[in-house]
Structure formats: structure tokens, C-alpha cells
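Structure record follows, encoded as C-alpha cells.
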Amino acid sequence: MGHYDAYIKGHDIPDTFTFDLIAPYKSKKSLIFISREDSNEFAKKLKCDIVYIDPPYNSRQYSRFYHVLENITCWRKPELHGVALKPDPENMSDYCRNKAKIVFKELIDSLDCKYIVVSYNNTYESKSSSSKNKMTLEDIETALSARGEVQQFETSHNFFNAGKTDFNDHKELIFIVKVK
Ligand SMILES: C[S@@+](CC[C@H](N)C(=O)[O-])C[C@H]1O[C@@H](n2cnc3c(N)ncnc32)[C@H](O)[C@@H]1O
5 MGHYDAYIKG HDIPDTFTFD LIAPYKSKKS LIFISREDSN EFAKKLKCDI VYIDPPYNSR
65 QYSRFYHVLE NITCWRKPEL HGVALKPDPE NMSDYCRNKA KIVFKELIDS LDCKYIVVSY
125 NNTYESKSSS SKNKMTLEDI ETALSARGEV QQFETSHNFF NAGKTDFNDH KELIFIVKVK
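In this note's numbering, the protein residues as written are 5 to 184.
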């Protein structure tokens, strides 16, 4: 399915797993470093031209869906529980909770940059509560417009959907803010 929330029953899936390294992008003009810090802490130390933000959309915690990859990367073998054999929860994000709009505004307010780019989608009307967006478009617009002029672009897109929710009129949105 592409994530590790549960096993697919009744399928004979080969148990081989390949993990190819990505080719690092090399440029003399840009500085590349990767941080595993909480975005809101990391953002306070950043001064740059453009910040691109692609936050979680709903209450589904990424760490509960991608724990297998995380544990391979960290080379850990934690104790697993339940039918789906999951480790204890870790890295639970406020962006997947009702606090999402508060932490998003805090993040946006703390940015020291010329442009802010945010991608989001319109699944806030989803029938499934876990697919429902934790921030409305209005929440995003309110936070972004406090920092400058906001432009919004949208495109129709097929939504990744492993459940029963019917996402009609699914749109991917990009907000671009020229910071005052
Ligand atoms: C929509 S995905 C972004 C996917 C990414 N842009 C890509 O194309 O692979 C949201 C990501 O934000 C991460 N995340 C959630 N809360 C976070 C936080 N407070 N600080 C840093 N990352 C967070 C999730 O683990 C997830 O990887």
C-alpha cells in the first residue's frame, strides 16, 4: 500500500526489501543540510530566501505509518505490539492534532525569509474523521496573510486513498507569500 499502518491479508508478498541510496544533490551555490528537529524549533534558527512547507493534512500520524522505514534508518529493533505489530508511538505531531492551526501560525510567524511557499489540499470536507484536514483554508490564509501578500494556485489531483472516502473535486493548493 506504500505505508505500514496494517498488513494486507491473504496476499503472497515477497519478503525482500531493497533500500537504494539517493544521489545527493551537489551545488557550490546552495547549502544543504537535513534536520530531524521539530519544524517549529528548527525554523527559529533559519534565515533564508524561500521556505517551502508541506505539513501533514490530517490526524494520521506519519510516525505510525512509516515506522518500518524509520526503524531501518535508525537501525533499531523495538518491541512490537498488537495485530499490526507496531512499536510504541514516538514523534507524534501537533500538526495532526486540533492544535494544528496554532502550531502552524507559530511556525509562520517565526520565519525569517523573503518568500513562504505552502502546499496543502482540500480534504477538510472528507467524510472520514481521520482524513479530515486539521486546518481549514481560512486558517492557512489567516496565518499567511499576517506575513504579506498571499497568492493561491490550485490544481485538480487524484488523491491517494486506501479507505472508503470518496474525494470528489480533490485539489492540491499552493500558497505563495511575499514577506513584508
Ligand atoms: C505531507 S508530508 C511531507 C512530505 C514531503 N514533502 C515529501 O514530499 O516527501 C509531512 C511531513 O511532515 C513531517 N512532520 C510532521 N510534524 C512535524 C513537525 N512538527 N516537525 C517536523 N516534521 C514534521 C511528517 O513526518 C511528514 O514527513
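Glycine included, C-beta positions come from ideal geometry on N, C-alpha and C.
Inter-residue Cα distance where the pair is residue i and residue j
i       : j       : result
Asp-116 : Tyr-56  : 13 Å
Pro-93  : Glu-45  : 21 Å
Glu-74  : Pro-59  : 18 Å
Ser-39  : Ser-31  : 19 Å
Ile-17  : Leu-141 : 40 Å
Tyr-29  : Ala-147 : 32 Å
Ile-54  : Lys-184 : 13 Å
Lys-51  : Tyr-119 : 11 Å
Asn-95  : Val-72  : 14 Å
Gln-65  : Lys-33  : 35 Å
Phe-23  : Ile-76  : 9 Å
Lys-103 : Glu-145 : 16 Å
Pro-91  : Lys-81  : 9 Å
Residue range of the unbroken beta strand (DSSP E) whose run includes residue i
i       : result
Glu-158 : 152 to 160
Ile-178 : 175 to 183
Start and end residues, alpha helix (DSSP H) containing residue i
i       : result
Asp-113 : 104 to 114
Thr-146 : 141 to 149
Distance CB(residue i)-CB(residue j) smaller than 9 Å
i       : j       : result
Asp-143 : Lys-109 : yes
Tyr-99  : Phe-179 : no
Ala-150 : Ile-106 : no
Ser-97  : Ser-67  : yes
Tyr-8   : Tyr-61  : no
Gly-152 : Val-122 : no
Minimum Cβ-Cβ distance from residue i to chain C less than 9 Å
i       : result
Lys-105 : Reference to chain C is not applicable here, since this structure consists of a single protein chain.
Runs of alpha helix (DSSP H) lying entirely within the stretch 17 to 97, each at least 4 residues, in chain order: As summarised for the stretch 17 to 97, the continuous alpha helix (DSSP H) elements at least 4 residues long and confined to that stretch are 43 to 47, 66 to 69 and 71 to 77, given in chain order.
Closer than 5 Å: residues whose CB approaches a heavy atom of ligand 3: The model depicted lacks ligand 3 and carries ligand 1 instead.
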